[in-house]
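Chemist: Going line by line, the protein sequences match chains D and H. Sequential numbering of the first sequence, starting at 91, is according to the numbering used here. Sequential numbering of the second sequence, starting at 7, is according to the numbering used here. Where is the CB? At the ideal position from N, CA and C, for every residue including glycine. Quick caveat, the model's predicted, so the values are computed rather than measured.
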Amino acid sequence: DVKVTQSSRYLVKRTGEKVFLECVQDMDHENMFWYRQDPGLGLRLIYFSYDVKMKEKGDIPEGYSVSREKKERFSLILESASTNQTSMYLCASSLADREQFFGPGTRLTVL
Amino acid sequence: QKEVEQNSGPLSVPEGAIASLNCTYSDRGSQSFFWYRQYSGKSPELIMSIYSNGDKEDGRFTAQLNKASQYVSLLIRDSQPSDSATYLCAVNALPGGSYIPTFGRGTSLIVHP
Numbered sequence: 091d092v093k094v095t096q097s098s099r100y101l102v103k104r105t106g107e108k109v110f111l112e113c114v115q116d117m118d119h120e121n122m123f124w125y126r127q128d129p130g131l132g133l134r135l136i137y138f139s140y141d142v143k144m145k146e147k148g149d150i151p152e153g154y155s156v157s158r159e160k161k162e163r164f165s166l167i168l169e170s171a172s173t174n175q176t177s178m179y180l181c182a183s184s185l186a187d188r189e190q191f192f193g194p195g196t197r198l199t200v201l
Numbered sequence: 007q008k009e010v011e012q013n014s015g016p017l018s019v020p021e022g023a024i025a026s027l028n029c030t031y032s033d034r035g036s037q038s039f040f041w042y043r044q045y046s047g048k049s050p051e052l053i054m055s056i057y058s059n060g061d062k063e064d065g066r067f068t069a070q071l072n073k074a075s076q077y078v079s080l081l082i083r084d085s086q087p088s089d090s091a092t093y094l095c096a097v098n099a100l101p102g103g104s105y106i107p108t109f110g111r112g113t114s115l116i117v118h119p
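#1: Counting only beta-carbon separations shorter than 9 Å, does Gly35 of chain H have a partner in chain D?
#2: Counting contacts by CB-CB distance shorter than 9 Å, is Tyr105 of chain H in contact with chain D?
#3: What whole-angstrom Cβ distance do Phe138 of chain D and Cys181 of chain D have, given they're in contact under 8 Å?
#4: Are the CB atoms of Tyr105 of chain H and Gln12 of chain H nearer to each other than 9 Å?
#5: Specify, as a first and last residue, the run of the beta strand (DSSP E) that Arg43 of chain H falls within.
#6: Going along chain H in order, which residues have a C-beta closer than 8 Å to the C-beta of Pro194 of chain D?
#7: Check the Cβ-Cβ distances between Leu166 of chain D and every residue of chain H, and say whether any is below 9 Å.
#8: Flag this pair as yes or no: are the beta carbons of Thr199 of chain D and Val102 of chain D separated by less than 9 Å?
#9: Under the rule that 16 or more other beta-carbon atoms within 10 Å means buried, what is Asn59 of chain H, buried or exposed?
#10: Compute the distance between the beta-carbons of Leu133 of chain D and Phe109 of chain H, then report whether it is under 9 Å.
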């Protein structure tokens with residue numbers, strides 16, 4: 091059974107903290123994605139990676155960075171968390187232009 | 007700017023009826039199309055994918071694609087209360103485009119007993 095896992099389901103952090111969200115997929119997919127989802131705004135792409143050490147900015151990269159040192163792992167980093175980064179964060183992976191497989195999501199609250 | 011449009015709903019149908027969800031897209035080069043279902047508080051999961059014009063059926067679900075009119079639809083037959091969710095339409099522009107799908111904002115479906 092294919093699987094995308096995320097390091098935490100729920101996370102509470104304080105303003106200014108550095109936050110790491112990790113995503114691991116076991117399907118040998120080359121593409122990996124980080125989205126955030128907020129009510130009424132739909133899925134918004136933060137960053138995309140199409141290969142190890144390769145990354146592209148999505149629609150809302152400000153305040154975020156990513157790391158992909160291994161094919162199966164894609165990390166999202168909030169350099170200095172702010173309250174407006176409180177959201178649901180979703181990781182996904184895909185093969186070429188095929189469907190995406192999503193992780194369970196991390197609900198991040200920044201106080 | 008590639009756009010994917012969906013009616014936000016909610017679309018309310020009685021149990022046993024056919025639910026019809028629609029999606030239009032702006033990029034004529036779009037090649038692959040997906041419908042995802044998302045329950046409240048959960049992540050999206052794939053319902054259907056379709057790559058060529060016409061209908062594709064899988065159980066109670068039928069996806070319909072019309073590239074000339076730039077729309078894709080999802081029909082759910084014999085709707086059940088468990089089908090109540092938000093349905094996301096996603097479109098990819100490959101070949102020659104990006105691996106990044108464009109998502110609509112989703113249509114909320116409510117199936118009432």
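Modeler: Result, derived from the coordinates:
#1: Residue numbering aside, residue 35 of chain H sits at position 29 when the second sequence is read from its first letter. No - not a single Cβ of chain D is within 9 Å of the one on Gly35 of chain H.
#2: As a position in the second sequence, residue 105 of chain H is number 99, starting the count at 1. Tyr105 of chain H counts as touching chain D.
#3: Within the first sequence, numbered from 1, the residue matching residue 138 of chain D stands at position 48. Within the first sequence, numbered from 1, the residue matching residue 181 of chain D stands at position 91. Contact between Phe138 of chain D and Cys181 of chain D is absent: CB atoms are separated by about 11 Å, not below the 8 Å threshold.
#4: Within the second sequence, numbered from 1, the residue matching residue 105 of chain H stands at position 99. Within the second sequence, numbered from 1, the residue matching residue 12 of chain H stands at position 6. No; because the gap between Cβ atoms is not below 9 Å, this pair is not in contact.
#5: Walking along the second sequence from the start, residue 43 of chain H turns up at place 37. 38 to 44 is the span of the beta strand (DSSP E), which, as asked, contains Arg43 of chain H.
#6: In the first sequence, the residue the question calls residue 194 of chain D occupies position 104. Residues of chain H passing the Cβ test: Lys48, Ser49.
#7: Numbered from 1 along the first sequence, position 76 holds the residue referred to as residue 166 of chain D. No, because no Cβ of chain H sits closer than 9 Å to the Cβ of Leu166 of chain D.
#8: To locate residue 199 of chain D, count along the first sequence from 1; it is residue 109. To locate residue 102 of chain D, count along the first sequence from 1; it is residue 12. Against a cut-off of 9 Å, the Cβ pair of Val102 of chain D and Thr199 of chain D comes out as a contact.
#9: Within the second sequence, residue 59 of chain H is the residue found at index 53, counting from 1. The residue in question, Asn59 of chain H, is exposed, as its Cβ has fewer than 16 Cβ neighbours within 10 Å.
#10: Counting from one through the first sequence, the residue named residue 133 of chain D turns up at place 43. Counting from one through the second sequence, the residue named residue 109 of chain H turns up at place 103. Yes.
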